[in-house]
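Input: a single structure, listed below in structure tokens.
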Amino acid sequence: MLISRGSMNVGYTNLNQLEKVVEDCSNALRLDPSYIKALNRRATAREQLGGTENLYLSLCGMHKSL
0 MLISRGSMNV GYTNLNQLEK VVEDCSNALR LDPSYIKALN RRATAREQLG
50 GTENLYLSLC GMHKSL
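Here the sequence shown is numbered in numbering that gives the first Met the number 0, starting from 0 and rising by one per residue.
Here's what the structure looks like:
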């Protein structure tokens, strides 16, 4: 299931549907908090969405994985 989720959020990234990438990666991380690709994709999408809150959320997510 995680592999198909990974493929879906890559598709959303290619379509520039960044909110959907964040949502999909968050769901994948609920199932497997150690899924580094989802964590990285979510952080990248949040960075691309811009804004202080998205940057903060990206950094918090990365910090939790360390």
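Every residue, glycine too, gets a C-beta built ideally from N, C-alpha and C.
Between residue i and residue j, which are expected to be in contact by the criterion C-beta below 8 Å, what is the C-beta distance as a whole number of angstroms?
| i | j | result |
| --- | --- | --- |
| Leu-48 | Leu-17 | 5 Å |
If we ignore side chains and look at the alpha-carbon of each, how far apart do residue i and residue j end up?
| i | j | result |
| --- | --- | --- |
| Arg-29 | Glu-22 | 11 Å |
| Leu-27 | Asn-39 | Checking the sequence shown, residue 27 turns out to be Ala, not Leu. Spanning the two alpha carbons is a distance of roughly 12 Å. |
| Leu-50 | Cys-24 | Reading the sequence as shown, one finds Gly at residue 50 and not Leu. Cα to Cα, the separation comes out at about 19 Å. |
Kindly indicate which residue of the options has the alpha-carbon position closest to the one of residue i.
| i | options | result |
| --- | --- | --- |
| Asn-85 | Leu-56, Gly-50 and Thr-43 | This structure does not reach residue 85, given that the chain is present from 0 up to 65, and the question cannot be answered. |
The alpha helix (DSSP H) spanning residue i covers which residue range?
| i | result |
| --- | --- |
| Ser-25 | 17-30 |
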